[in-house]
Each structure stands twice: as structure tokens, then as C-alpha cells.
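Below is one structure, written out as C-alpha cells, with a few remarks after it.
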Amino acid sequence: MNAINRLMCMFVMVCAYSAPAIVSAAALPEFREIVQENSPAVVKIVVQQSAARSGQGQPDPEQMPEYLRRFFEYRGGPPAPHDQMAMGSGFIISADGYIVTNNHVVEGADSVLVRLNDRREFDAEVVGTDPRSDLALLRVEAKDLPFLTLASDDDLEVGEWVLAIGSPFGLDYSVTAGIVSAKGRSLPTENNENYVPFIQTDVAINPGNSGGPLFNLDGEVVGVNSQIFTRSGGSIGLSFAIPVGVVRNVVDQLKAQGRVTRGWLGVTIQDVDKNLAESFGLDRPRGALVVQVAEDGPADKAGLAAGDVIITFDGNDIPASADLPHVVGLVAPDTVVPVEIVRDTKRKSLTVKVGGLEADDSYSLAGGQGGAGQGGRLGMVVETAPPETLERLGINGGVVVREVLPDSVAADAGVVPGDIITLIGSSPIKSAQAYEAAVEQLSGGSSVPLRLIRRGAPLFIGLKLRE
714 MNAINRLMCM FVMVCAYSAP AIVSAAALPE FREIVQENSP AVVKIVVQQS
764 AARSGQGQPD PEQMPEYLRR FFEYRGGPPA PHDQMAMGSG FIISADGYIV
814 TNNHVVEGAD SVLVRLNDRR EFDAEVVGTD PRSDLALLRV EAKDLPFLTL
864 ASDDDLEVGE WVLAIGSPFG LDYSVTAGIV SAKGRSLPTE NNENYVPFIQ
914 TDVAINPGNS GGPLFNLDGE VVGVNSQIFT RSGGSIGLSF AIPVGVVRNV
964 VDQLKAQGRV TRGWLGVTIQ DVDKNLAESF GLDRPRGALV VQVAEDGPAD
1014 KAGLAAGDVI ITFDGNDIPA SADLPHVVGL VAPDTVVPVE IVRDTKRKSL
1064 TVKVGGLEAD DSYSLAGGQG GAGQGGRLGM VVETAPPETL ERLGINGGVV
1114 VREVLPDSVA ADAGVVPGDI ITLIGSSPIK SAQAYEAAVE QLSGGSSVPL
1164 RLIRRGAPLF IGLKLRE
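Taking the working numbering, the leading residue of the sequence shown gets 714, the next gets one more, and so forth.
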């Protein structure tokens, strides 16, 4: 092969390797138009909080070590506390000045300043906040402001491109892009509340992005950036946004009444694992297993009971227990909705009149005698729970597990001494005698749900009996 032929071959190979890269680059989305059209409606939020409110008041000399007290006496006293400043992002949703941001951005603020990207500044009024969804609604006195459009529904797909605009670390109006990496993420609050099915993305979100918009490629707002998972304090590719359906619901209520009321069912629930699914007659693990029902709550009045598995609510499938609060929370109080459950391995349909849970409400659920054999079929030694235990737990019967035998059905299921059993299958267990009678009726090789209370919290586990 002569030199010219060798050069021609090399040229063909280079073109072959370059072509996919060129095609791939051409297929990437174009963000410039979205940024140009929507940046004017994205705002920077500057919050001021007094030192007294932020807990940084004057130190008490009596509580200081001797050497510090002498130091301050020498220097003329401790330094005066300074007001605290914080920053976040937000976006305008109407021409007359309504602005959405995160609750944690403005929580405890003495003053809120809104700055547009054309450098105009406005003092903002906090119309209302909703800590459960981490959303807040502000308003500024202005007219003919640029504003963003909320997407009409939550039809985002995993893998779809999304774009964020905000002020990370105070770097105003920064743009980052990525894809939706998951939907419906449950991130319970410190109060173990779980009303937001978060959008997970790999968009670079950092401190200061909080409250800013997440866009789809049509330039519509599909979420509000709220939090990140990080080990360093910066982005590691795990960010979470509040979906637009939740945003619209909260904003409408804050506009109308300055507070948020969400649907409340009045149940404690848990996931259904493989053993429980088999014991409840389900074809696979799914649904929300009811482990406790609030007395006189909406679920109680509708006839729901511990041991029911909720598989649909208001026409929505419930794949896992964490999905139920997401659906219930969006239902307006006093709305009557259909519920499908599995009870005693059979499907049953009910209707529930959903109750209301306001922003500041906090609901909780009421929630020496003869032993039973030397372990029996399940491998447990139990005794009737004493009256003081029943009163403390708010239950009307049960047996306390005193011993779990090694290599037994109970040991395999994870029962531990101290558990209080209140239900075997569909049989209430109010005494050691009731326990023995229920166990006697169990069929060899079957699976059965066992309801118990462990350290004050109700729980279901699945027992697999031996042949």
C-alpha cells in the first residue's frame, strides 16, 4: 500500500469515529432559548434575621469560663451579636407579584428582599408558608412583572432533560442542567411526615438554589428545587425538587386562605414484604398495610381496620406504603373517595370521607397471668399483658412474648422478647387463651400475618408455618 492509499484509509477511519460524536452532539437539547425567556422571572431572595431571633444573643458572663470572663472584661465586654443574612432563590408566578420559594429560605425572617436579574429590588411580604411541603408564597408591590408558567400536570418521565436557574453560593442566575433520575422519592421530615413525592435529578443544585424553578424543555416549571443529598456540602448529583402538582395545590390554598389544609386518613401504615404478601393473599408485595387506626378518625369511620392492605386510593394505585400519604395529602378535606383493600385475602371496596390536616395540626394514634405452653407451634412463650401495659399503650388486649425459642417459626420471622401480639391472621389476641386458640387453628405450611407492638409502635410481620 503506497503512502496516498494509507492516508486515504486513515481519513476514512477518522470520519467513521467522528460521525457518532457529531450526531450525538447534534441530538443534545438546546437550552439558550429557555434561559433567555425565563431568567427575568427568576429572583434572588435575601433574608435578614435578627441575632436575638436566630439564638445568637449576648452571652451570659455567669456561664462563661473564668479565662473568657477575664478576657472580655479586659477587652470591654463580649462583641455585640450581628444580624444574620441568608440567601435563596425563587420565581415569579404572576404579573402582580406573587413569588414561590422554599419555606426554609424565609423561615424566621425579619425581612425579605427580592432582587430581579435587571437589578430591581422589592421588599416582600410573606403571604403564607407550608412547612410540610417546604413551600412559601411571597408577594411584592409591583405590576407587569415577568412570570413563569407552571406545567399543567406531573407527566415528567425518568430520563427527561430538566434545567435549573438559581443563585448557588450567591452566584446569581446560574444555569445547570441534567436529567430526571427518579420520581416519587419519599424523604420524610424530622417529624416523620411524608407528603411530597420528590423529583430526583442529577442537576447540579447547591446552597442558594433552594426555592428556584426546575424547567422542562418547553420552558414550563415542573418543580421547585428544595434539597440535596451531600457528604461535602456541595452537589454530588443527587438533588430533589417538589413536583408541580404539589406546588399548585399549596399555592392555591396559600393565596386563598394563607394556610394549607391537606387530606388526612388517620392510619399508621407499613410496607408489605414478600412474606406478608403471601400471608395476605397478594400476588406480589404491594400496597400500604394498616397497622393502627386512629379512634374516630376518617379511616375508623369508614370501617378500615388493622390488617387491611390498601392497594388503591381515589383511583390511584399504591405500590408501596410511602405512596399513600402523597395521594391522601392532595385530596381536599370532606371529599368522599373510593378505596380498595385486601382483607382476609379477599378484595373489598370501601368509601372514605377524607379528613383535614392543617399546617399546625399534629395527630397521634391511640396507640402475672398464665403463660402459653413451652413454645408451641410458633416457638414462643407468651403471657397475657398486664392491665398497666395495656393502659399505657392504649390497647384493650394482647399477649407479651417472654421467650422466643431458637430455630423456631417465631425466631425465623424476627419476633423478639418484649413484643406484644395483638392479632394473628384475623383473630384478635386479648389473652394467652385466645393466643392458644388462634395458633391451634393455623394450617401447616401456611403464611399468616402477625400484628404486634414493639417499643410502643405497631408492626406487622409474616409468619411461615412449617408442615
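Cβ atoms here follow ideal geometry from the backbone N, Cα and C, with glycine treated the same way. All values reported here derive from a predicted model rather than from experimental measurement.
{"Item": "Looking at the unbroken beta strand (DSSP E) that takes in SER952, where does it start and where does it end?", "Value": "952 to 956"}
{"Item": "Give the list of continuous alpha helix (DSSP H) stretches no shorter than 4 residues that lie fully inside the stretch 983 to 1040.", "Value": "987 to 992 and 1011 to 1015"}
{"Item": "Would you say VAL1181 and GLN983 are within 7 Å of each other, going by their C-beta atoms?", "Value": "A query on residue 1181 cannot be resolved here, the shown segment of the chain reaching from 714 to 1180 and no further."}
{"Item": "How far does the alpha helix (DSSP H) with THR1102 in it reach, from first residue to last?", "Value": "1100 to 1106"}
{"Item": "Where VAL1095 and THR1102 are concerned, what is the direct C-alpha to C-alpha distance, given to the nearest angstrom?", "Value": "14 Å"}
{"Item": "With a CB to CB cut of under 7 Å and the five nearest residues on each side skipped, what residues in its chain are close to ILE1023?", "Value": "GLY1000, ALA1001, VAL1003, ILE1031, LEU1037, VAL1052 and ILE1054"}
{"Item": "Buried or exposed: which applies to ALA1150, given that a residue is buried once 16 or more other Cβ atoms fall within 10 Å of its Cβ?", "Value": "exposed"}
{"Item": "If you reduce the DSSP assignment to three classes, tell me which class PHE835 lands in.", "Value": "strand"}
{"Item": "Under 8 Å: do the stretch 879 to 886 and the stretch 839 to 856 share three or more Cβ pairs, one atom per stretch?", "Value": "no"}
{"Item": "Can you tell me whether ASP866 is buried or exposed? The criterion is at least 16 other CB atoms within 10 Å of its CB, across all chains shown.", "Value": "exposed"}
{"Item": "Kindly indicate which three-state DSSP category VAL1152 falls into: helix, strand or coil?", "Value": "helix"}
{"Item": "CB-CB under 7 Å to TYR908, same chain, minus the five flanking residues each way: which ones, in chain order?", "Value": "ARG845, SER846, ARG975, PRO1038, HIS1039 and GLY1042"}
{"Item": "Relative to the alpha-carbon of SER1144, which residue among VAL825, ARG1090, ILE1108 and ALA855 has its alpha-carbon at the smallest distance?", "Value": "ILE1108"}
{"Item": "What would DSSP say about ILE918, mapped onto helix, strand or coil?", "Value": "coil"}
{"Item": "Three or more beta-carbon pairs under 8 Å between the stretch 828 to 840 and the stretch 743 to 759, yes or no?", "Value": "yes"}
{"Item": "Would DSSP call LYS968 helix, strand or coil?", "Value": "helix"}
{"Item": "Do VAL1006 and LEU995 count as a contact pair if the criterion is CB distance below 7 Å?", "Value": "no"}
{"Item": "Can you check DSSP and say which residues form a bridge with SER1160?", "Value": "LYS1177"}
{"Item": "Indicate the three-state DSSP secondary structure (helix, strand or coil) for GLU1181 in the structure shown.", "Value": "Because the chain is modelled from 714 through 1180, residue 1181 falls outside the range shown and cannot be assessed."}
{"Item": "Cutting at 8 Å between CB atoms, please list the residues of its own chain near VAL1161, excluding the five before and the five after it.", "Value": "SER992, ILE1137, GLY1138, LEU1155, GLY1175, LEU1176 and LEU1178"}
{"Item": "State buried or exposed for ILE892, treating a residue as buried only when at least 16 other CB atoms are found within 10 Å of its CB.", "Value": "exposed"}
{"Item": "Could you tell me the distance, in whole angstroms, from the CA atom of ASP1132 to the CA atom of ARG1060?", "Value": "30 Å"}
{"Item": "Could you tell me whether the Cβ atoms of ALA1035 and SER1159 are closer together than 7 Å?", "Value": "no"}
{"Item": "Quick one: measure Cβ to Cβ for ILE1134 and VAL1112, integer angstroms, because I've assumed they're closer than 8 Å.", "Value": "5 Å"}
{"Item": "Using only alpha-carbon positions, find the residue among VAL819, LEU1118, ALA1015 and GLY803 that is nearest to ILE878.", "Value": "GLY803"}
{"Item": "Identify whether ALA1124 lies in helix, strand or coil by the three-state DSSP scheme.", "Value": "helix"}
{"Item": "Could you tell me which residues DSSP puts in a beta bridge with ALA808?", "Value": "ALA808 is not bridged to any residue."}
{"Item": "Scan the stretch 924 to 949 and note each continuous beta strand (DSSP E) run of 3 residues or more that stays entirely inside, going in chain order.", "Value": "926 to 928 and 934 to 941"}
{"Item": "Between the stretch 909 to 918 and the stretch 927 to 939, do three or more beta carbon pairs fall short of 8 Å?", "Value": "yes"}
{"Item": "Keeping to the same chain, check which residues put their C-beta closer than 6 Å to that of VAL748; ignore five residues upstream and five downstream.", "Value": "VAL888"}
{"Item": "Relative to the alpha-carbon of PHE860, which residue among VAL813, PRO1130 and ALA1098 has its alpha-carbon at the smallest distance?", "Value": "VAL813"}
{"Item": "Can you tell me whether GLN966 is buried or exposed, with buried defined as 16 or more other CB within 10 angstroms of its CB?", "Value": "buried"}
{"Item": "So, at 6 Å on beta carbons, what are the nonlocal neighbours of SER1140 in its own chain, with the 5 sequence-adjacent residues on each side left out?", "Value": "ALA1151"}
{"Item": "Measuring only the C-alpha atoms, how far is GLY1081 from ILE1142?", "Value": "At GLY1081 the pLDDT is 34, less than 50, meaning the model places this residue with poor confidence and gives no usable figure here."}
{"Item": "So, helix, strand or coil for PHE882, using DSSP?", "Value": "helix"}
{"Item": "I believe GLY1092 touches VAL1122 by the beta-carbon criterion, under 8 Å. Please report the beta-carbon distance rounded to the nearest angstrom.", "Value": "5 Å"}
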